[in-house]
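Notes follow the structure.
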Amino acid sequence: MSYLSKVKERFLFWFKASRGYSLPMSIISWLIIFVYSLKFNSGNILYGIYALIGIIFAHLGTNLFDDYVDFKDNVPKQKYKSTYIDNQETNLKTIFKMVCFYFLIAFIIGVFFTIKFGFIIPIIATFVGVLCLIYPKINHIGLGEVVVGTIFGPVLFYCVNYVMTNELYNLKILPLSLCVFIFTVLVLDVHAFMDYDSDIKAKKRTLCTILKSKQNAYFAICLLILSGYLLTLLLISNKIISNWGFLTFLTIPQAYKLLKSLKKYNPTNENEFIINFIKARNLTIAYEILLIFGIVL
């Protein structure tokens, strides 16, 4: 095997181990505020791209650190997560080194912005860093979905907008970021809903399990989807986005199919688990892409 082939193999291994397939969630969230900052505040494109690099490495680092803590604490493994250590393809020491590498790159980006913008960046970075580091623990008490939604929504939006425009206070960004918060939490909640039975047995707390029943958890998912579309109407009616934002309602059939599929979900069918998770992810991605049209047009 050539050197390049080995490099490619290791890259793909760590990309998969770090759940790189989840990157579209953070990248599209970044893209929404990126185009918003460009259109309405003539934002700095290069700084926006630097922010994206930091976001990507922080995202991958958090994913891998979540696995590291789970394995160290002997937390029961979720479906299709962390199989690389079960198969003895790596070990905890190597995982920790990769976590440090990911966070080092994100830290370097943070240092660059600190030099450019001053003390506010370390404050924001510390807040985000604390959220990333405590996420695995918070995830075990039922608030993991909320933390991830907060990072991908309001925190990401305000950070990117600040480094691109040097503007920290912009109330119009908040409802826009909350739309992303809602649909991000939706994806995680769908995952937790399908893991409900195994999480109950493992005594793991998620937004679904703390609602005491699968029926309540299903109803919560319905409310999440409804609130996302209602908030979109608020964005349009308040001229935060244009009428092109109505394009997001083209995803309602996707939402309906997802809810219908979850209603009859069979936990013993592994294919259903994958299909439903992909449906939730694709719904969120489609919604957020169409939301961008409401910003740029």
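Taking the working numbering, the leading residue of the sequence shown gets 15, the next gets one more, and so forth. All residues carry an ideal CB built from backbone N, CA and C; glycine is no exception.
I'd like to check one pair, residue j with residue i: are the Cβ atoms closer than 8 Å?
i	j	result
Ser43	Leu170	yes
Phe197	Tyr279	no
Phe287	Met208	yes
Ile47	Ile306	no
Cys222	Ala206	yes
Phe71	Tyr116	yes
To the nearest angstrom, report how far apart residue i and residue j are at their CA atoms.
i	j	result
Ile155	Ile134	30 Å
Lys22	Gly75	19 Å
Leu190	Tyr35	24 Å
Tyr94	Ser56	Unreliable positioning characterises Tyr94 in this predicted model, as indicated by a pLDDT of 48, which lies under 50. The coordinate reading is nonetheless provided below. For Tyr94 and Ser56, the distance between alpha carbons rounds to 42 Å.
Gly158	Ile214	16 Å
Phe27	Ile41	21 Å
Leu52	Ile266	29 Å
Ala294	Lys130	38 Å
Ile137	Pro168	15 Å
Gly132	Leu240	40 Å
Tyr232	Pro281	14 Å
Tyr82	Thr220	19 Å
Based on the DSSP secondary-structure assignment, which residues constitute the bridge partners of residue i?
i	result
Arg219	Ile155
Tell me, to the nearest whole angstrom, how far the beta carbon of residue i is from that of residue j; I am working on the premise that it is less than 8 Å.
i	j	result
Val201	Ile165	Their Cβ separation, rounded to whole angstroms, is 13 Å, which puts Val201 and Ile165 out of contact at 8 Å.
Leu78	Ser32	5 Å
Leu245	Gln268	Contact flag wrong, Cβ pair sits at about 17 Å.
Would the beta-carbon of residue i be found less than 7 Å away from any heavy atom of the ligand MG?
i	result
Ile70	In the structure shown, the ligand MG is absent, as is every other ligand, since no ligand is present at all.
Taking the alpha-carbon of residue i as reference, which of the options has the nearest alpha-carbon?
i	options	result
Lys274	Asp213, Val204 and Ile303	Val204
Lys264	Cys114, Tyr243, Val49 and Arg24	Note that residue 264 is Leu in the sequence shown, not Lys. Residue Tyr243 is the option with its Cα nearest to Leu264.
Asn230	Lys277, Ile109 and Tyr270	Lys277
Leu237	Tyr64, Tyr270 and Gly124	Tyr270
Ile63	Thr108, Ser16, Ile123 and Lys30	Ile123
Measure from the C-beta of residue i to each C-beta in chain C and report whether the shortest distance is under 8 Å.
i	result
Asp81	Although the question refers to chain C, the structure presented lacks it and comprises just one protein chain.
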